[in-house]
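Participant: Quick one: structure below, then a few questions.
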Amino acid sequence: MSNTADVIVIGLGAAGSAALYQLARAGISAIGIDRWEPPHAMGSSHGETRITRQAIGEGQVYVPLVLRSHEIWRELERETGQRLFEACGVLIIGAEGGAAMHHSRSGFVLNTIAAAQAHAIEHDVLSIEETRARFPQFALSGDELVYFEPGGGFVYPERCIAAQLAMARKLGARMETGSQVTAITETPGGVTVQAGGATYHAGNVILAGGAWTPGLVGSNGLAPLTLRRQVLHWFAPERPQDFAVGTFPAFIWLHGNHPEDSFYGFPIPDDLGHALVKVADENQSRATADPDQLDRDVRPEEAAEMHRDHLVGRIPGLTLPQVRSAACLYTCAPDADFVIGPVDGMERITVVSACSGHGFKHSAAVGEHAVRLITEGPAAAIPAFDPRRLSAIPQP
Ligand SMILES: Cc1cc2nc3c(=O)[nH]c(=O)nc-3n(C[C@H](O)[C@H](O)[C@H](O)COP(=O)(O)OP(=O)(O)OC[C@H]3O[C@@H](n4cnc5c(N)ncnc54)[C@H](O)[C@@H]3O)c2cc1C
Numbered sequence: 001m002s003n004t005a006d007v008i009v010i011g012l013g014a015a016g017s018a019a020l021y022q023l024a025r026a027g028i029s030a031i032g033i034d035r036w037e038p039p040h041a042m043g044s045s046h047g048e049t050r051i052t053r054q055a056i057g058e059g060q061v062y063v064p065l066v067l068r069s070h071e072i073w074r075e076l077e078r079e080t081g082q083r084l085f086e087a088c089g090v091l092i093i094g095a096e097g098g099a100a101m102h103h104s105r106s107g108f109v110l111n112t113i114a115a116a117q118a119h120a121i122e123h124d125v126l127s128i129e130e131t132r133a134r135f136p137q138f139a140l141s142g143d144e145l146v147y148f149e150p151g152g153g154f155v156y157p158e159r160c161i162a163a164q165l166a167m168a169r170k171l172g173a174r175m176e177t178g179s180q181v182t183a184i185t186e187t188p189g190g191v192t193v194q195a196g197g198a199t200y201h202a203g204n205v206i207l208a209g210g211a212w213t214p215g216l217v218g219s220n221g222l223a224p225l226t227l228r229r230q231v232l233h234w235f236a237p238e239r240p241q242d243f244a245v246g247t248f249p250a251f252i253w254l255h256g257n258h259p260e261d262s263f264y265g266f267p268i269p270d271d272l273g274h275a276l277v278k279v280a281d282e283n284q285s286r287a288t289a290d291p292d293q294l295d296r297d298v299r300p301e302e303a304a305e306m307h308r309d310h311l312v313g314r315i316p317g318l319t320l321p322q323v324r325s326a327a328c329l330y331t332c333a334p335d336a337d338f339v340i341g342p343v344d345g346m347e348r349i350t351v352v353s354a355c356s357g358h359g360f361k362h363s364a365a366v367g368e369h370a371v372r373l374i375t376e377g378p379a380a381a382i383p384a385f386d387p388r389r390l391s392a393i394p395q396p
């Protein structure tokens, strides 16, 4: 078998599986390489569910990506017969009239409403009374701004990755899993990749290594990216019927002005065989130096803290003890925007670091965008995601 292709995709998680699928769809020869067997629970794409919403409060530059991703998930559902995207509605609750911050954006709910209006996305701004009547599971204090988007909801990340890899393989892409990339070298005519004792050659590389990407680049171009351990918890409600899809939405609740005054959660998925509600908060401050040293054990105190800081007085139907927990990694840019494009001095290596805690919903389209960067060049670039901007951002 030839170890040469037009494009090598390194990392087959959310972004890499999407890129491999899009390369195969476009008839471009491609080899995808992953160190584990994706979908797996070692990176940033595990834990059953990810919120998706169409009006993006992180910035309107993201709206076309999420709308395109929704189209791709639906297309993949038709191709594979798998349910990938549950449009069960998403509720965003913002304290203090919507001024609260999320993913480094203040006025997150206001930004979301502005994005919905600008892009004609169906939504409702609910009064406190309407919210209480429609979603009595949430105990509002009364000063919140509440946004509801019926076309939002959640996706199943492991299924999305598996579906894209299955389709990529069916369309002719080659996959090497259980094979760790140890070196990526630009040569005058292309790129050479060392992985699992073999050498691969391609015209271009898409580097989608998630939390391992900064280490794989081998220069300090991505030094401002920081890794942050995140923890997910599953609770068993006494009344599961109150948290079913169709009754309870996916939600984000920003209950204060500190970046960590927020949490989010999901309804009970219909077909995962359990009756558990997943909730999580966000660590925005403590960095993890090495993804291989991630502390994957979640202590009971972490669930107790999450419950005390966020759930008590807000979602009374969810009580301790939690049933299970998991740890996961965010790869965060200082401005919380994505990093997509070549890094300095490596024009044939397109880095795709689409995380900062909000990347999954966009990932199907991000894969397509990465392929366009290779086939169309800089004209296809989205300036907000240019890796070179990182050098101008003061490090925290
Ligand atoms: C707890 C948590 C909750 C989140 N919630 C949401 C949400 O609700 N909505 C949302 O939109 N986003 C959410 N996100 C963000 C989203 O999940 C991530 O942006 C996305 O999953 C990142 O995908 P990725 O492809 O960059 O990384 P990954 O999916 O981790 O993929 C990286 C891949 O690279 C491989 N790799 C690494 N090193 C090597 C190597 N040397 N050789 C070969 N392969 C290698 C890994 O094995 C892995 O498969 C959340 C993230 C976390 C952690």
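Residue numbers (our numbering): 1 to 396. Ideal Cβ placement from N, Cα and C applies to all residues, glycine included.
1) Indicate whether the contact test is met: 3 or more Cβ pairs, each with one atom in the segment 68-86 and one in the segment 178-196, closer than 8 Å.
2) Thinking just about the alpha-carbon of each residue, which of L67, R229, E58 and G359 is nearest to the one in R296?
3) Can you determine whether any heavy atom of ligand 1 sits closer than 6 Å to the C-beta of H103, and answer yes or no?
4) With a floor of 4 residues, list each alpha helix (DSSP H) that falls wholly inside the segment 351-392, ordered by position along the chain.
5) Enumerate in chain order the residues of its own chain whose CB-to-CB distance from R388 is below 7 Å, with the five nearest sequence positions on each side excluded.
6) Between I121 and ligand 1, is the CB less than 6 Å from at least one heavy atom?
7) Helix, strand or coil for Y200 per DSSP?
8) Tell me which same chain residues have a C-beta within less than 7 Å of the C-beta of G94, skipping the five on either side of it?
9) So which of P383, S69, G256 and F248 has the shortest CA-CA distance to G97?
10) Under 6 Å Cβ to Cβ from Y21, same chain only, skipping five residues before and after it: list those, please.
11) Candidates A139, C328 and H103: which alpha carbon is nearest R314's?
12) Flag A14 as yes when its Cβ comes closer than 6 Å to any non-hydrogen atom of ligand 1, and as no otherwise.
13) Using alpha carbons as the reference points, say which of R308, P291, D34 and L227 lies closest to Q284.
14) Locate the beta strand (DSSP E) running through T288, then write down its first and last residues.
15) Run the proximity test for Y200: is its beta-carbon closer than 6 Å to any non-hydrogen atom belonging to ligand 1?
16) Using alpha carbons as the reference points, say which of R324, F248, M175 and I252 lies closest to W234.
17) Below 7 Å CB to CB, which residues in the same chain sit around E376 once its five sequence neighbours on both sides are set aside?
18) Taking only three categories from DSSP, how would you classify D143?
19) So, are the CB atoms of A304 and L232 less than 7 Å apart?
20) Look up I349 in the DSSP assignment and say whether it is helix, strand or coil.
21) Cα-Cα, which of I393, R372, V366 and A392 is closest to V61?
22) So is A173 buried or exposed if we call it buried at 16+ other beta carbons inside 10 Å?
23) Please report the straight-line C-alpha distance between F248 and P157, rounded to a whole angstrom.
24) Confirm the yes/no value for this check: CB of G359, any heavy atom of ligand 1, distance under 6 Å.
25) Residues in the same chain with beta-carbon distance under 6 Å from L320, minus the five sequence neighbours each way, listed in chain order, please.
26) Under three-state DSSP, which class holds C160?
27) Who are the Cβ neighbours of A287 in its own chain at under 8 Å, not counting the five residues just before and after it?
Facilitator: Taking the geometry as given:
1) no
2) Counted from its first residue, the sequence shown places residue 296 at position 296. The shortest C-alpha separation from R296 is found at R229.
3) Within the sequence shown, residue 103 is the residue found at index 103, counting from 1. Checking the Cβ of H103 against ligand 1 gives no.
4) 363-376
5) Looking up residue 388 in the sequence shown gives position 388. Contacts found: D344.
6) Locating residue 121 in the sequence shown gives position 121, counting from the first residue. Not so, every heavy atom of ligand 1 lies at least 6 Å from the Cβ.
7) Start at 1 with the first residue of the sequence shown, and residue 200 comes out as number 200. If DSSP states are grouped into helix, strand and coil, Y200 belongs with the strands.
8) Here the question's residue 94 lines up with position 94 in the sequence shown. Non-local C-beta neighbours of G94 in its own chain, meaning closer than 7 Å and more than five positions away in sequence, comprise A100, F108, V109, E144, L145 and L254, ordered along the chain.
9) Within the sequence shown, the letter at position 97 stands for residue 97. Selected option, being the one with the closest Cα: G256.
10) Sequence index remark: in the sequence shown, residue 21 carries index 21 (1-based). Hits under 6 Å: Q164, M167 and A168.
11) Position 314 of the sequence shown, counting from 1, holds the residue named residue 314. Checking every option, the nearest Cα to that of R314 belongs to A139.
12) Taking the sequence shown and counting its residues from 1, the one referred to as residue 14 is at position 14. For ligand 1, at least one heavy atom lies less than 6 Å from the Cβ of A14.
13) On the sequence shown, position 284 is the one that residue 284 refers to. For the residues R308, P291, D34 and L227, the minimum Cα distance to Q284 belongs to L227.
14) Within the sequence shown, the letter at position 288 stands for residue 288. Neither: T288 is in no beta strand (DSSP E) and is coded neither H nor E.
15) For the purposes of this step, residue 200 is identified with residue 200 of the sequence shown, where counting begins at 1. Outside the cutoff, so no.
16) Position 234 of the sequence shown, counted from the first residue, corresponds to residue 234. Closest option to W234, Cα to Cα, is R324.
17) The count along the sequence shown starts at 1 and reaches residue 376 at position 376. Cβ neighbours of E376 beyond the five flanking positions: none.
18) Here residue 143 corresponds to residue number 143 of the sequence shown, with the count starting at 1. The answer is coil: DSSP assigns D143 none of H, G, I, E or B.
19) Against the sequence shown, residue 304 aligns to sequence position 304. Against the sequence shown, residue 232 aligns to sequence position 232. For A304 and L232, no; Cβs fall outside 7 Å.
20) Reading the sequence shown from its first residue, position 349 is the one you call residue 349. Three-state result, I349: strand.
21) The count along the sequence shown starts at 1 and reaches residue 61 at position 61. That would be V366, whose Cα lies nearest to the Cα of V61.
22) Position 173 of the sequence shown, counting from 1, holds the residue named residue 173. Counting Cβ neighbours within 10 Å, A173 comes out buried, since at least 16 surround it.
23) Residue 248 sits at position 248 when you count from the first residue of the sequence shown. Residue 157 sits at position 157 when you count from the first residue of the sequence shown. Rounded to the nearest angstrom, the two C-alpha atoms are 20 Å apart.
24) The sequence position of residue 359 within the sequence shown is 359, counting from 1. Answer for G359: yes, Cβ within range of ligand 1.
25) As a first step, residue 320 must be located in the sequence shown, where it is residue number 320. Once the five neighbours on either side are set aside, the close Cβ partners of L320 are H307.
26) Translated into positions along the sequence shown, residue 160 becomes position 160. Of the three classes helix, strand and coil, the one that applies to C160 here is helix, per DSSP.
27) If you number the sequence shown from 1, residue 287 lands on position 287. Closer than 8 Å at the Cβ level, and outside the excluded window around A287, lie T226, L227 and R228.
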